[in-house]
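Worksheet: one structure, shown below.
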Amino acid sequence: FVQQTEWSLQLMTQRALEAESNVEKLKQEIFILQGELESSKVENENLRASQMTDLGAVKHNINFALQNLQKIIMGANWSIGQLASGVESLHFVADVLKSTGKISEVEEEKE
Numbered sequence: 001f002v003q004q005t006e007w008s009l010q011l012m013t014q015r016a017l018e019a020e021s022n023v024e025k026l027k028q029e030i031f032i033l034q035g036e037l038e039s040s041k042v043e044n045e046n047l048r049a050s051q052m053t054d055l056g057a058v059k060h061n062i063n064f065a066l067q068n069l070q071k072i073i074m075g076a077n078w079s080i081g082q083l084a085s086g087v088e089s090l091h092f093v094a095d096v097l098k099s100t101g102k103i104s105e106v107e108e109e110k111e
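Position 97 (the sequence shown) corresponds to 97 in full-length UniProt numbering; numbering is contiguous.
Below, the structure is given as structure tokens:
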């Protein structure tokens, strides 16, 4: 009976040592996983911040392009105004030339 009790005690001691060893391994694994979790959290925060920065840069670029487009439109409107004015001037010159031509014809007929 004593031998059986000693054998059971040794078996329980061995199981306890194995359990302690497993607990230590699990503690180490938990420590490693917590470190990885913290790294992932930091990386996630950095990605979100980068995404916001990228969005801000996109908005800035859109505003810059919009301002340039508005300047181009204003320049185009000015050019169109100049062209319209030029067309009016050309019509006036054409009318003057027509009148001059008619005057010349009338003078030729008189002669």
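Cβ atoms here follow ideal geometry from the backbone N, Cα and C, with glycine treated the same way.
All figures in this text were calculated on a predicted structure; none of them were measured in a lab.
Whole angstroms is fine: what's the gap from Glu18's alpha carbon to Met52's? 50 Å
Could you give the first and the last residue of the continuous alpha helix (DSSP H) run that contains Phe64? 2 to 110
Compare the C-beta of Leu9 against all C-beta atoms of chain D and say whether one is closer than 9 Å. Protein chains in the displayed structure number just one, and chain D is not present.
Nearest-angstrom Cα separation, counted from Leu47 out to Ile80: 48 Å
C-alpha gap between Asn68 and Gly75, whole angstroms: 11 Å
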